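Here's the structure we're looking at; comments come further down.
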Amino acid sequence: MDQCNFQAHNSLYLMDGNIVIIAPLLTGQHQIFRVHQSVLSKNSPVFRSMFMIPGVQDHEMEKYDGVPSVQLLDCAEEVESLLRVLYHESTLPFRHLDPNTPSLVKNVLTLANKYRMDHLQDQIIRHIEVDWPQSLWQWDMLEAEILLMEETWYDEYMNAPIDDYLPEPPSAIWLARKCNIPSILPATFYHLSCLSIEDSWHNPHISSINLEPEVTHWHCFYGNCTADWTILSAQDYICLL
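Residue 72 in the numbering used here sits at position 88 of the sequence shown, with consecutive numbering throughout.
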């Protein structure tokens, strides 16, 4: 491979690292990460087995900058997201009820699932499950929490739609399908069934700021919350019927 197309990552190229990970960028070039076999092996039995394969010794592996290298097919953006979490766990984007959670965690969760990083995968899923309750009493508690938010929202954040601060069902369904999280599907489909298909993220006039404060709860959680209906599959629409 032509190393002229290689780009060392600016913060995940660690000079004391003993393994180089090569991953493709969307530009056609390749991102280079220099990390530690011990970190990858500790978190992933897949990487641990890879480094223990008989015959795959340091002197037999292709090297980059004097260090053994492994080329992955996973895109560099996904690999970067995973490595950032392995080295800096605080980078996990955990904000309660954040509608952007699915897009923020999908890269990490996809590779955590692929490389059997069960502890990391379970940690992320537990956070997601809090936003999508597993039982009726948990759902009632979430409703009460959101109602409390809405009682002061109109006065404090008059120009900010509360919809931007509540979980969005189709993106959660997409994540559940992609990353095998069936536990959140009942709650996401229940929430979605309470919405009108006319209440779309792509309809800019739909906003809680157009509602009177006393009806905000009813509209935002049961009637006029918006959803990105375009990302639902045919199977999802069948489940919704």
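By construction, the Cβ of each residue, glycine as well, lies at the ideal position given by its N, Cα and C atoms.
Predicted model only: the values in this text are computed from it and were never measured.
Whole-angstrom C-beta distance between residue j and residue i, which should lie under 8 Å
i, j, result
"Ala156", "Trp116", "6 Å"
"Cys209", "Asp147", "6 Å"
"Asn2", "Gln21", "6 Å"
"Pro52", "Val4", "7 Å"
"Asn164", "Asn97", "7 Å"
"Leu57", "Ile6", "With a Cβ gap of about 10 Å, Leu57 and Ile6 do not count as contacting."
Burial state of residue i (16 or more Cβ within 10 Å)
i, result
"Ala128", "exposed"
"Cys178", "exposed"
"Ala218", "exposed"
"Glu134", "buried"
"Leu216", "buried"
"Thr94", "buried"
"Val199", "Unreliable positioning characterises Val199 in this predicted model, as indicated by a pLDDT of 40, which lies under 50. A coordinate reading is not provided."
"Trp121", "exposed"
"Ser119", "exposed"
"Asn91", "buried"
"Tyr48", "buried"
"Ala171", "buried"
"Ser33", "exposed"
"Ala(-8)", "exposed"
"Leu24", "buried"
"Tyr99", "buried"
"Leu176", "buried"
"Met36", "exposed"
"Met125", "exposed"
Nearest residue (CA-CA) to residue i, options the options
i, options, result
"Ile181", "Leu169, Gly12 and Asp212", "Asp212"
"Val69", "Leu(-4), Pro166, Thr172 and Leu216", "Leu(-4)"
"Leu169", "Thr214, Ser184, Met125 and Tyr221", "Tyr221"
"His111", "Leu57, Ile16, Val89 and Leu120", "Val89"
"Asp0", "Val19, Asn(-11), Gln105 and Thr85", "Val19"
"Gly12", "Ser74, Phe(-10) and Asp106", "Phe(-10)"
"Leu9", "Val54, Gln105 and Glu62", "Glu62"
"Gln15", "Ile37, Leu67 and Met45", "Leu67"
"Lys162", "Ile37, Leu24 and Pro86", "Pro86"
"Gln105", "Leu126, Leu132, Ala160 and Asp124", "Ala160"
"Ser167", "Ile109, Leu126, Trp137 and Leu132", "Ile109"
"Phe17", "His103, Trp123 and Glu64", "Glu64"
"Tyr71", "Tyr174, Leu(-2), Trp185 and Phe173", "Leu(-2)"
"Trp233", "Thr214, His103, Leu126 and Thr136", "Residue 233 lies beyond the range of the chain shown here (-15 to 225); nothing can be said about it."
"Leu225", "Trp185, Ser184, Phe173 and Asp183", "Phe173"
"His103", "Ile37, Glu73, Gly50 and Leu126", "Glu73"
Would the segment 25 to 36 count as touching the segment 79 to 89 if we require 3 or more Cβ pairs under 8 Å?
no
Determine, using beta-carbon pairs with one atom in the segment 64 to 79 and one in the segment 151 to 170, whether at least three such pairs fall under 8 Å.
no
Those runs of the alpha helix (DSSP H) which lie wholly inside the segment 16 to 62 and span at least 4 residues:
21 to 27 and 29 to 36
Starting from the N-terminal side, write out each stretch of the beta strand (DSSP E) that is 3 residues or longer and does not extend beyond the segment 89 to 128.
none
Could you tell me which uninterrupted alpha helix (DSSP H) segments, each at least 4 residues in length, are contained entirely in the segment 139 to 187, listed from first to last along the chain?
153 to 163 and 169 to 177
3-residue-minimum beta strand (DSSP E) runs that sit fully inside the segment -5 to 19, ordered along the chain
The segment -5 to 19 contains, as complete beta strand (DSSP E) runs of 3+ residues, the segments 3 to 8 and 14 to 19 (chain order).
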